[in-house]
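The structure under discussion appears below in the form of structure tokens.
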Amino acid sequence: MNRCNTPSIALILVALCALTVPAAAQEPVQTQNEAALGGRNFPIGTLRGRFMVVNAPEIQLDGQAERLAPGARIRSGQQMLVMPAALTGQNVLVNYRRDAAGMVSEVWILTPEEAQAKRETADKPLLNFWPFVADTGPRDDGKTPFDQLPRYGQ
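The working numbering runs 208 ahead of the 1-based position in the sequence shown.
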């Protein structure tokens, strides 16, 4: 029986491939740079709006009723976490992101320097499909009678 304690060539090649793949797969994080005006770097796809907590998780964004996502994070201008109850009734200018369900998942309260910077996505959505496009049409308030709801195939 031949017992060799040295690793085989195949194992060495697998180890080398495992070491080089993560380095090649990493991409730089894309941000919209408001740091030029003394602000922070925000991820691509953040939107700007007026934010007010009505009764957590119920919020208003630009006067429209919305909801905070479970586990949503609100950060102050000093990058500290802020509890939603601390902002109840205050109307502040923020950058925010939505999750896949359309709920607000991340909120950054802007400093005066950051508020002066123009947002790429302030007036137009990042992507032209739901949940990124604001619905300006009539919204169902949940009080529509059953017989007036749209039927399958309409």
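Every residue, glycine too, gets a C-beta built ideally from N, C-alpha and C. Bear in mind the structure is a predicted one, so any value in this text is a computation, not a measurement.
{"query": "Between the CA atoms of Met260 and Val300 - distance to the nearest angstrom", "result": "7 Å"}
{"query": "Cβ shell of Leu295 (< 6 Å), same chain only, five flanking positions each side left out", "result": "Val261"}
{"query": "Anticipated Cβ contact below 8 Å, Ile252 with Arg283, distance rounded", "result": "Actually they do not touch by this definition, with Cβ atoms about 17 Å apart."}
{"query": "C-beta contact flag for Asn280 and Pro292 at 9 Å", "result": "Before going on, a small fix: residue 280 reads as Ala here, not Asn. In contact: Ala280 and Pro292 (Cβ atoms closer than 9 Å)."}
{"query": "Reduced DSSP secondary structure (H/G/I, E/B, other) of Leu357", "result": "coil"}
{"query": "Extent of the continuous beta strand (DSSP E) run through Gln272", "result": "Gln272 to Arg283"}
{"query": "Residues sharing a beta bridge with Met260, DSSP", "result": "Gln268"}
{"query": "Burial state of Glu266 (16 or more Cβ within 10 Å)", "result": "exposed"}
{"query": "Nearest candidate by alpha-carbon position, reference Phe250, set Gly350, Gln287, Gln268 and Phe354", "result": "Gln287"}
{"query": "Span of the alpha helix (DSSP H) around Pro320", "result": "Pro320 to Gln324"}
{"query": "First and last residue of the uninterrupted beta strand (DSSP E) at Arg248", "result": "Note, Arg248: premise wrong, no beta strand (DSSP E); not H, not E."}
{"query": "Start and end residues, beta strand (DSSP E) containing Leu301", "result": "Val300 to Arg306"}
{"query": "Nearest-angstrom Cα separation, counted from Pro320 out to Arg305", "result": "20 Å"}
{"query": "Among Ala277, Val315 and Gly350, nearest to Thr254 - alpha-carbon criterion", "result": "Val315"}
{"query": "Nearest to Gln268 (by Cα), restricted to the options Arg248, Val302 and Gly285", "result": "Val302"}
{"query": "Cβ-Cβ distance between Ala309 and Ala264 below 9 Å", "result": "no"}
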